[in-house]
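Inspection log for the structure reproduced underneath, given as structure tokens.
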Amino acid sequence: MKPSSYMFRDQIQILSGWFKGWNESEQTVALLSLLKRVSGVQAKFLVLCLEQSFADSSDIQVLQEQANNPVYLSCLSNEPKESVVSQLLSRLPLLKPGNAEAKAEYMKLLPKILADSIEHGRHLEESRQLLSYSLIHPAISNEERSSLALWLTHLEQRSSALENQQNGGGGCHGDSISPHGDQTPYGGGYPADLAYHGNNNGFHNGQKEFQGGRINGWRNQRDSGIVSSWQDLSGGMGGFIPGNHAPVQKTFSGPANMNPSNNQEDH
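In the working numbering, the protein residues as written are 185 to 451.
Laid out in structure tokens, this is it:
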């Protein structure tokens with residue numbers, strides 16, 4: 185039975201409520217998962233709407249220029265770590281496919297950021313968001329995604345260890361946050377035992393292992409929209425949207441008055 189306009193409006197409100205509760209990378213993953221299901225005509229129409237909405241946005245134009253400028257990106261290695269993370273979150277999504285030089289700079293910075301997050305237990309949420317963008321980005325190849333995906337488990341394990349430590353359950357020993365850590369540039373100096381070499385192990389040696397894992401409230405990689413095996417990628421939208429992204433209604437539970445099934449029964 186086709187839902188009434190009133191039911192449709194309720195469903196949109198429910199979805200909007202969930203959407204507002206997600207961070208930008210989660211919103212992006214959800215939107216891409218939905219866009220995978222639209223027709224070519226719908227996709228072109230949405231592109232026209234978006235282009236018209238942001239055509240006069242000078243801020244976006246500046247960000248896009250910086251996001252695709254290899255010289256600008258290479259200079260980020262001299263910035264404080266917190267600044268680098270913040271700038272990459274707003275620029276990595278704007279990297280244009282085919283810009284190999286700019287992409288190479290991102291691929292240099294990302295492992296350093298991820299290694300530092302795991303070593304010191306900081307910027308874990310931001311690092312997860314950067315991974316989310318990287319693993320669905322059309323400019324990044326499947327091979328590069330596979331290398332980056334190796335970091336996700338380590339981020340989840342580090343987050344879980346910190347959570348257990350805060351709850352009095354202990355945790356890893358010997359990890360401390362340097363009082364001047366956030367002022368250290370990314371140009372070098374991240375621990376050699378966490379150096380990323382792009383091999384099958386992700387970490388060269390000395391990696392720390394933890395049991396379980398949850399990051400930003402996601403119980404597993406599937407729920408976060410990031411798949412563990414890039415052979416699972418679907419063919420839609422250029423083949424870069426995770427094919428096993430969990431449906432929204434199975435990932436989140438809302439208050440009783442926001443439950444889709446309850447609303448449908450009322451009508």
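Glycine included, every Cβ here is placed at the ideal spot set by N, Cα and C. This structure is a prediction, so every number in the text was calculated from the model and none was measured.
Every alpha helix (DSSP H) stretch that sits fully inside the stretch 226 to 305 and reaches 4 residues is listed by chain position as 242 to 251, 254 to 259, 265 to 275, 284 to 304.
Annotation: E327 to E310 spans about 23 Å, alpha carbon to alpha carbon. The alpha-carbon separation between M291 and L218 amounts to approximately 28 Å. In the same chain as S189, and ignoring 5 residues on each side of it, no C-beta atom comes closer than 8 Å to its own. Under the 8 Å Cβ criterion, the stretch 263 to 276 counts as touching the stretch 239 to 253, having at least three qualifying pairs. Between the alpha carbons of S241 and L234 lies a gap of roughly 11 Å. I320 is a Cβ neighbour of V213, given a cutoff of 8 Å. For the pair L257 and A227, the CB atoms are not nearer than the 8 Å cut-off. In this structure, L294 keeps its C-beta atom at 8 Å or more from the C-beta atom of L336. Residues of the same chain with a CB within less than 6 Å of the CB of P277, apart from the 5 flanking positions on each side, are Y317 in chain order.
Listed in chain order, the non-local C-beta contacts of L339 below 8 Å within the same chain comprise L298, S301, I302, L308, S311, R312, L315, I399, local neighbours out to five positions each way being set aside. P281 is a Cβ neighbour of A323, given a cutoff of 8 Å.
When the alpha-carbon of N262 is set against those of K296, G224, R306, S200, the nearest one is in K296. DSSP, reduced to helix, strand and coil, places K220 outside both helices and strands of the structure shown, so it counts as coil. Taking 4 residues as the shortest admissible run, the stretch 194 to 220 contains the following complete alpha helix (DSSP H) segments, listed from N- to C-terminal end: 208 to 219. Note on E210: 16 or more other CB atoms within 10 angstroms of its CB, so buried under the neighbour-count rule. Straight-line measurement puts the Cα of R329 at about 27 Å from the Cα of V246.
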